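Asks:
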Amino acid sequence: MNILISWFSQAGAWLTPWLSDIAVAIVASLLVVFGNDINRTLRRLLTGHHFIVRTLVFVAINAFGYGAFIITVSPWLATQMRRWPDHWLFAGLVATFMFIGMWAQRQRQI
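Everything in the sequence shown is counted per numbering that gives the first Met the number 0, starting at 0 for the first residue and increasing by one.
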């Protein structure tokens, strides 16, 4: 068991310099998985509004909203992940990406 923990710790330490990039990947993956639901909800809310209003809201949400979400949430997530011990960092990241992948599979995104 100590060998496994040691290996996880080494892997977590190896990933630490790239936590900011990993956080962006997690947030972007979540937006890809949930983007269709968000856009579908917006479409329902904006039905009946003028074309220009629908277009402006679509651009605001997709270009600026998603971008602002990635820019604000990613550094916070990277800071939170830096607090994890190295062996939990590796295991947590593997579990996170597996969860996102399984969720995407269930939502027929893959």
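By construction, the Cβ of each residue, glycine as well, lies at the ideal position given by its N, Cα and C atoms.
Bear in mind that the values here come from a model prediction, so they are computed numbers and not experimental data.
1) Could you compute how far the alpha carbon of V56 sits from the alpha carbon of F96?
2) What's the C-alpha gap between I60 and R43?
3) Residues in its own chain within less than 8 Å of L29 by CB, not counting five upstream and five downstream?
4) Taking contact to mean 3 or more Cβ pairs, one atom from each stretch, closer than 8 Å, check whether the segment 75-93 and the segment 1-11 are in contact.
5) Rounding to the nearest angstrom, what Cα-Cα distance links A103 and V52 in this structure?
6) Quick one: measure Cβ to Cβ for L121 and R81, integer angstroms, because I've assumed they're closer than 8 Å.
7) Assuming I69 contacts V32 under a Cβ cut-off of 8 Å, what Cβ separation, rounded to an integer in Å, is found between them?
8) Tell me where the alpha helix (DSSP H) around P74 begins and ends.
Replies: With the structure as the only source:
1) F96 has its alpha-carbon roughly 31 Å from the corresponding atom of V56.
2) Here the C-alpha atom of I60 lies approximately 14 Å from the C-alpha atom of R43.
3) I99
4) yes
5) 31 Å
6) No information on residue 121 is available, as it lies outside the stretch 0 to 109 that the chain covers here.
7) About 14 Å separates the two Cβ atoms, so there is no contact after all.
8) 65-81
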